[in-house]
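Residues in the sequence shown are numbered consecutively from 254, following this note's numbering.
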Amino acid sequence: MIRNKKIITGSSFLCMFFIGVGTTVIGAAAKNIGLTPYQIGLQLTLQNVGFIISVSTFGALSDTYEKPKLLLWSSIVLAIAFSIFYLRASFLLNLLIMFFIGLGMGGYEGVTDPMLLDIHKEKESLYINVNHFFVTFGSLMITLYLLFLQMNWRRSMVQSSIAVACLACLFAFLRLERREELSVSEQSWSRGLKYLKNERLVFAFLVAVSCIVGAELGTMGIMTTFLMDMRAFSQVTSKLGLIIFLAGEAIGRLLIGLLLKQHHLLRTLLLLLIITIIMFSVLYFVDTNSMLVTTIILVFICGITISAIFPLILSIAGLAYKEMAGTALGIIKMGIPIGGIVIPLILSVISRYISFRASLLLFPFFALVSFMTILINRKKIMAFNI
């Protein structure tokens with residue numbers, strides 16, 4: 254059996270890489286498949302439903318069951334789903350497959366962060382930041398890879414399924430040291446949930462995550478449209494803008510994770526939220542039509558500032574509820590699909606019935622809501638010596 258910390262940590266990073274692949278592939282390959290916006294919306298919705306079910310369930314189970322075994326089952330589900338996705342051209346069949354892709358991704362998301370908190374007793378925030386760096390890295394790599402594959406995009410899914418199947422084989426042999434305080438006899442899923450139901454701070458974190466992740470995913474979704482319609486970018490340069498935003502996110506998660514001091518988590522989180530509110534306001538509402546380079550720089554900075562907010566919230570929550578980190582983080586991570594569905598939906602309604610420019614107010618507004626939620630609960634957070 255394998256108990257090497259470096260191997261376990263590397264396996265977690267690979268899981269997150271394939272979350273990035275699963276999150277991005279439908280958008281990147283939609284034109285090649287021939288999907289309509291309506292069909293894309295349905296598939297993403299089903300993926301998020303699967304994700305919500307899995308991230309909350311597997312996150313809670315990770316407090317009482319062996320994490321590598323949970324990741325083994327997630328890998329099996331994801332490998333099979335990747336391998337058969339659009340193997341046949343039935344939309345309803347692939348809608349179901351997308352649900353299972355969401356299940357596999359949610360299992361990875363729900364278990365990997367608590368696993369890293371188990372094996373790393375120092376610099377927890379660094380490992381959480383780097384872990385989520387690989388989500389962005391996976392999104393960036395699959396986007397660039399599909400540019401080269403074009404109509405043969407199915408090859409990327411087969412290759413991804415083989416890699417995930419290899420991960421499943423690895424998880425079959427991985428074992429973690431059992432922590433006494435989390436033995437099944439002392440701690441149960443239902444007991445943990447009952448405790449957390451009375452913890453308002455967990456649901457404050459859920460609100461903050463829903464808002465900031467919604468703003469992040471919404472920005473990815475409208476970036477090319479914004480740059481073309483509002484900043485006079487071309488088809489090519491607008492795609493370059495999106496890639497630069499993703500690159501800013503990747504660099505930000507890595508750099509902030511490396512530089513961040515453990516006892517400065519709350520202070521850094523609040524500072525990044527303030528900077529994000531300011532930078533989003535400048536990007537979306539200060540006219541830079543004649544300054545392409547200035548716009549690109551703003552896009553890059555926005556990617557950097559928003560990148561570490563979600564991992565920082567997870568780090569703080571994981572340290573605050575370390576004895577039941579899986580259950581707590583599983584609840585909080587439900588904010589990923591909630592924000593990913595609700596905020597883009599509001600954006601589309603406002604842009605249709607008012608104006609696209611008015612809808613852009615949502616991004617600094619939801620960053621502000623996230624900031625106020627953390628600020629109001631700062632004393633509760635500080636009570637955990639964070």
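For each residue, glycine too, the CB sits at the ideal point set by N, CA and C.
| What residues match up with L427 in a beta bridge as DSSP calls it? | For L427, which the question treats as bridged, DSSP gives the partners I255.
| With a cut-off of 8 Å, do at least 3 Cβ pairs link the region 581 to 601 to the region 454 to 463? | Short answer: they touch.
| field | Continuous alpha helix (DSSP H) assignments of at least 4 residues falling wholly in the region 450 to 484 | value | The qualifying runs are 453 to 484.
| So, Y380 versus T262, is the Cβ gap smaller than 8 Å? | Their beta carbons are under 8 Å apart, which means Y380 touches T262 by this criterion.
| query | Just to confirm, are V462 and F335 a CB contact at a threshold of 8 Å? | reply | Using a Cβ distance threshold of 8 Å, V462 and F335 do not count as a contacting pair.
| request: Go to W326, then tell me how far its alpha helix (DSSP H) extends in each direction, as first and last residue. | output: W326: member of the alpha helix (DSSP H) spanning 320 to 337, first to last residue.
| Assumed close pair I497, F553 - CB separation to whole angstroms, cut-off 8 Å | I497 to F553, Cβ: 5 Å. Contact.
| Could you give the residue range of the alpha helix (DSSP H) that holds T580? | If you look at T580, you'll find it in the alpha helix (DSSP H) that goes 578 to 585.
| said: Taking the alpha helix (DSSP H) that R610 belongs to, which residues open and close that run? | reply: 609 to 612 is the extent of the alpha helix (DSSP H) around R610.
| query | Among residues of its own chain, excluding the 5 on either side of L299, which ones have a beta-carbon nearer than 6 Å to its beta-carbon? | reply | Excluding residues within five positions, the ones whose Cβ falls inside 6 Å are L348, M351, F352.
| In this structure, does DSSP put E433 in helix, strand or coil? | With a pLDDT of 42 at E433, under the threshold of 50, the predicted position of this residue should be treated as unreliable, though the coordinate-derived value follows. Correct three-state label for E433: helix.
| task | Go ahead and label V437 buried or exposed: buried means 16 or more other beta carbons lie within 10 angstroms of its beta carbon, across all protein chains shown. | result | With a pLDDT of only 41 at V437, under 50, the local geometry of the prediction cannot be trusted, and no value is derived from it.
| query | When we look at the beta-carbon of A620 and count the other beta-carbons within 10 Å, is it buried (16 or more) or exposed? | reply | Answer is buried; the Cβ neighbour count reaches 16.
| For I354 and V411, the rounded distance between their alpha carbons | For the pair V411 and I354, the Cα-to-Cα distance works out to about 14 Å.
| said: So, with DSSP's three-state summary, where would you put K252? | reply: Because the chain spans 254 through 639 in this model, residue 252 falls outside it and cannot be assessed.
| Neighbour-count burial assignment, Y291, 16 or more Cβ in a 10 Å radius | By the neighbour-count rule (16 or more Cβ atoms within 10 Å), Y291 is not buried but exposed.
| said: Less than 8 Å between the C-beta atoms of F538 and C555, yes or no? | reply: No. Outside cutoff.
| message | Excluding the 5 residues flanking Q296 on each side, which residues of the same chain have their C-beta closer than 8 Å to its C-beta? | response | I279, L288, N347, L348, M351.
| With contact counted as at least three CB pairs below 8 Å, one residue from each stretch, are the region 254 to 272 and the region 373 to 389 in contact? | Yes, the region 254 to 272 is in contact with the region 373 to 389.
| said: Can you find the residues in the same chain that come closer than 6 Å, C-beta to C-beta, to S413, ignoring five residues on each side of it along the sequence? | reply: Excluding residues within five positions, the ones whose Cβ falls inside 6 Å are V274, F335.
| request: Could you check what DSSP says for G287 in three-state terms: helix, strand or coil? | output: Looking at G287 - three-state DSSP - the assignment turns out to be coil, as it is neither helix nor strand.
| query | Taking the continuous alpha helix (DSSP H) assigned at A573, which residues delimit it? | reply | If you look at A573, you'll find it in the alpha helix (DSSP H) that goes 562 to 573.
| request: Closer than 7 Å by C-beta to A282: which residues in its own chain qualify, once you throw out the five before and the five after it? Chain order, please. | output: Here the set comprises L399, W406.
| request: From the DSSP output, in three-state form, read off L513 for me. | output: DSSP places L513 outside both helix and strand once states are collapsed to three, so it counts as coil.
| Just reading off the alpha helix (DSSP H) that A620 is part of, what are its end residues? | Element bounds for A620: 615 to 629.
| field | Backbone secondary structure at F271 - three-state DSSP | value | Note: F271 maps to helix in three-state DSSP.
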